[in-house]
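All remarks here apply to the structure that follows.
Residue numbers (full-length UniProt numbering): 1 to 385.
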């Protein structure tokens, strides 16, 4: 069964589900739905989030009941920053579903440019409300594919669609929208569009990682989907020039040190440094040693940092690298001994960086990291002998 058929069959169920969840979660929104102008809400929100309305990315935020909009007002806009009323979005969502329904019933047949634009507006509103709405995402892909497959291709219209789709999608992924920044459907949608981005000169790995992936990962901690997308971007890239490699490494390292308890970032940094032919041994070792110095000076004891350090043997398999690890471990273990669990919890910590740190947990992390590192280092040395 195609996703269009599934979408058609599940249309009424989708409406019932959202109405039910709305009633359960927000009685005020549910009661207001009967009196609001859904069509006006749809038009206002669709126009506000239209990527053609700005040259850059939009900053979208959904404001719930704590902020009171004036009657008939559904959005607030200040340049590229847009605040959307939760009530208005729920109203617009049901109107958007009604726009999408005939398209699904027709089996996804193409219409006029005006009808396509209306469909793009509807699916934009749907994805703002529900980032996991697979039919909405697939409908947008299908419109782009139709122009791509056409002979001869309408390159002007196709390029415009691709540019606007990238702008809209990246706006959702980088805005203060907790569900969207870590949405598997939206990240998958972006991955499927990468060939179009490349074909139309919109592919820039360095900018995509810095401006899209890292921002999304900051909005939603431990954002596996964002960093997995970054890995996909690297796969599409030949070995770049040294300056680009250097900037990428520095940008990722800086992000990791600013979010040192986020293991997804450290995992990507390790993946980046191990890329074949990208970084020499000296560069990789320098990153590991910088991390050791920071961990010691800032008293980082979280498992994310020590996951990176315990798996760093392949990055710096030298005796000096091993010495650095053991120095870090010893210094941190001694600090934990002074910051023992037997102190009065009301006392100030011996080291201000250890405020709130549980010594027992930290020592467990440190000892596990040491055991892992020793085993890994031993295997590397045996393989090289």
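Note that CB positions come from ideal geometry on N, CA and C, so glycine has one too.
Please check the pair residue i and residue j, which I expect to be a contact at CB under 8 angstroms, by giving their CB distance rounded to whole angstroms.
i, j, result
"residue 259", "residue 218", "7 angstroms"
"residue 126", "residue 82", "17 angstroms between Cβ atoms; not a contact."
"residue 165", "residue 193", "6 angstroms"
"residue 372", "residue 310", "4 angstroms"
"residue 306", "residue 369", "4 angstroms"
"residue 239", "residue 278", "6 angstroms"
"residue 336", "residue 363", "5 angstroms"
"residue 75", "residue 52", "About 16 angstroms separates the two Cβ atoms, so there is no contact after all."
"residue 137", "residue 185", "6 angstroms"
"residue 292", "residue 324", "5 angstroms"
"residue 273", "residue 284", "5 angstroms"
"residue 295", "residue 328", "6 angstroms"
"residue 46", "residue 121", "4 angstroms"
"residue 84", "residue 63", "7 angstroms"
Name the one or two DSSP bridge partners that residue i has.
i, result
"residue 78", "81"
"residue 294", "Residue 294 pairs with nothing; no bridge assigned."
"residue 282", "In DSSP, residue 282 forms no bridge with anything."
"residue 62", "84"
Going by alpha carbons, who is nearest to residue i out of the options?
i, options, result
"residue 211", "87, 305, 147 and 227", "227"
"residue 276", "234, 317 and 261", "234"
"residue 98", "39, 181 and 185", "39"
"residue 73", "80, 357, 88 and 61", "88"
"residue 102", "147, 158, 139 and 168", "139"
"residue 297", "315, 308 and 257", "257"
"residue 269", "363, 239 and 214", "214"
"residue 113", "46, 323, 161 and 273", "161"
"residue 229", "241, 250, 170 and 247", "170"
"residue 141", "154, 173, 191 and 378", "191"
"residue 313", "300, 288, 299 and 301", "288"
"residue 248", "280, 84 and 205", "205"
"residue 145", "271, 84, 189 and 64", "189"
"residue 357", "377, 378, 299 and 379", "299"
"residue 172", "384, 280, 80 and 380", "80"
Have a look at residue i and residue j and give me their C-alpha separation to the nearest angstrom.
i, j, result
"residue 254", "residue 149", "42 angstroms"
"residue 143", "residue 71", "36 angstroms"
"residue 203", "residue 116", "25 angstroms"
"residue 282", "residue 245", "14 angstroms"
"residue 156", "residue 93", "30 angstroms"
"residue 318", "residue 303", "24 angstroms"
"residue 341", "residue 333", "Interpretation of residue 341 is limited by its pLDDT of 45, a score under 50 that renders its predicted location unreliable; no figure is taken from the coordinates."
"residue 374", "residue 367", "11 angstroms"
"residue 387", "residue 263", "As displayed, the chain neither begins before 1 nor continues past 385, which places residue 387 out of reach and without an answer."
"residue 382", "residue 320", "17 angstroms"
"residue 207", "residue 224", "19 angstroms"
"residue 331", "residue 236", "42 angstroms"
"residue 123", "residue 178", "19 angstroms"
"residue 200", "residue 365", "48 angstroms"
"residue 322", "residue 56", "47 angstroms"
"residue 129", "residue 209", "26 angstroms"
"residue 95", "residue 42", "7 angstroms"
"residue 23", "residue 131", "For residue 23, the predicted model reports a pLDDT of 36, less than 50, meaning its position is unreliable and no value from the coordinates is stated."
"residue 100", "residue 37", "19 angstroms"
"residue 196", "residue 174", "20 angstroms"
"residue 361", "residue 301", "9 angstroms"
"residue 67", "residue 77", "15 angstroms"
"residue 58", "residue 168", "8 angstroms"
"residue 60", "residue 183", "15 angstroms"
"residue 54", "residue 308", "40 angstroms"
"residue 378", "residue 181", "40 angstroms"
Confirm the yes/no value for this check: CB of residue i, any heavy atom of the ligand FAD, distance under 7 angstroms.
i, result
"residue 55", "The ligand FAD is not part of the structure shown, which contains no ligands of any sort."
Legend entry - Minimum length 4: unbroken alpha helix (DSSP H) runs contained in the segment 87-135: Segments of the alpha helix (DSSP H) lying fully in the segment 87-135: 113-129.
Inset, instruction - Counting only runs of 4+ residues fully inside the segment 180-226, write out the alpha helix (DSSP H) ranges in chain order. - result: 184-199 and 214-219
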